[in-house]
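Peer 1: One structure, as structure tokens, below. Some questions next.
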Amino acid sequence: MQDSRNMNVLFIGDISARPGRESVKDVLSNIKQHYEVDFVIANCENAAGGRGVTRAILKELESYGVDFFTAGDHVWAQKQFHEDLYDLNLPIIRPLNYEGNAQIPGKGYKLIDLGDKRIFILSFLGQGFMREPVRSPFWVFDEWWNARVDEGILSDDKSSNPLIFIDFHAETTAEKLTFGWYVHSRVSAFFGTHTHVATADARLMGDMAYVTDVGMCGPYNASLWVNPSITTNNFMFPMKEPYKAELEGPRIFNSVLVTFEGKEAKSIKRIDKILQ
Ligand SMILES: [Fe+2]
Ligand SMILES: [Fe+2]
């Protein structure tokens with residue numbers, strides 16, 4: 003940590019299949035050094051061949067310099083990982099607002115103690131155009147907030163709270179912007195994910211950093227992480243082809259860097275790279 007007041011946090015968009023993991027391997031240590039990054043969070047829901055993640059892949063990505071992981075609707079794709087999610091020492095959360103939250107593996111938020119700072123990381127799924135059985139993130143966030151206030155961990159005085167980061171994994175810009183505005187006076191940074199398409203609206207909402215979608219790390223000549231010939235077929239014909247990760251060609255790395263002074267976000271900037 004560069005000093006007790008300032009903190010630089012990097013959030014990496016959905017790491018997708020081997021090209022996504024390799025892009026992180028190729029650029030992250032330089033970015034961390036250049037921008038004096040203190041903490042790295044990555045969405046890893048597509049890291050295992052495009053769908054889900056495994057314990058071994060988390061280890062691999064940690065070795066490249068990622069400190070903590072969020073996920074999304076694809077986190078259930080690797081069956082063995084359901085069991086792994088019960089291991090609360092794994093540095094990963096899944097969305098908090100599932101129906102039956104207490105009955106499914108894993109946790110939807112985590113409080114991390116960095117010594118001179120504490121960070122809450124939360125994950126929510128959107129409802130628009132999503133097929134997951136989830137409750138409204140607006141109501142679930144308020145319930146979560148009120149429970150932490152009752153525990154004495156949070157208060158209305160942001161300056162005495164831990165930093166709070168949200169990964170909002172959702173399809174529509176409207177739901178993301180609206181949820182951002184809804185929480186901005188209580189939250190420190192808000193990272194949209196899921197579409198795999200980076201948006202150009204990184205900005206401050208008061209003293210919360212916001213971006214509608216961080217984007218992804220993965221194959222550049224692709225739709226999501228998939229060769230466009232497959233997705234074209236699936237848009238044109240009823241005989242669907244299974245998604246297969248595009249392993250060839252250039253890769254894209256999308257991320258945002260947020261700088262905090264104390265509890266206030268002071269800047270957010272995109273750090274994007276195309277790797278040939
Ligand atoms: Fe994704
Ligand atoms: Fe997703």
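Numbering-wise (this note's numbering), the sequence shown opens with residue 3 and increments by one.
Backbone N, C-alpha and C fix where the C-beta goes; we use that ideal spot for every residue, glycine too.
#1: What do you get for residue 212, buried or exposed, if any count of 16 or more other CB atoms within 10 angstroms of its CB means buried?
#2: Just to confirm, does residue 177 get its C-beta within under 8 Å of one of the non-hydrogen atoms of ligand 2?
#3: Contact check, residue 14 vs residue 44 under 8 Å by CB: the rounded distance?
#4: Relative to the C-alpha of residue 52, which candidate in 20, 90 and 70 has its C-alpha closest?
#5: Below 7 Å CB to CB, which residues in the same chain sit around residue 98 once its five sequence neighbours on both sides are set aside?
#6: How many Å lie between residue 37 and residue 239 at the Cα?
#7: When burial is assigned at 16 or more other CB atoms within 10 Å of the CB, is residue 234 buried or exposed?
#8: What three-state label does DSSP hand residue 131 in the structure shown?
#9: Is residue 162 near ligand 1, in the sense that its beta carbon is under 8 Å from a heavy atom of that ligand?
#10: With H, G and I counted as helix, E and B as strand and the rest as coil, what does DSSP make of residue 57?
#11: With respect to the beta strand (DSSP E) encompassing residue 277, which residues constitute its N-terminal and C-terminal limits?
#12: Should residue 248 be listed as close to ligand 2, given that the test is whether its C-beta is under 8 Å from any heavy atom?
#13: Within 10 Å of its beta-carbon, does residue 96 have 16 or more other beta-carbons around it, so buried, or fewer, so exposed?
#14: So what's residue 22 in DSSP terms, helix, strand or just coil?
#15: Ignore the nearest five residues each way along the sequence and tell me which others in residue 157's own chain have a CB closer than 7 Å to its CB.
#16: Considering only DSSP beta bridges, list what residue 112 is partnered with.
#17: Any residue with its C-beta under 6 Å from a non-hydrogen atom of ligand 2 counts. Can you list them all in chain order?
#18: Under a CB-based cut-off of 9 Å, is residue 9 close to chain D?
Peer 2: This is what the structure holds:
#1: buried
#2: no
#3: 4 Å
#4: 20
#5: 110, 111, 124, 125, 126, 142 and 146
#6: 47 Å
#7: exposed
#8: coil
#9: no
#10: helix
#11: 266-277
#12: no
#13: buried
#14: helix
#15: 151 and 163
#16: Under DSSP, residue 112 takes part in a beta bridge, and its partners are 123.
#17: 47, 74, 75, 76, 171 and 196
#18: Included in the structure is just one protein chain, with no chain D present.
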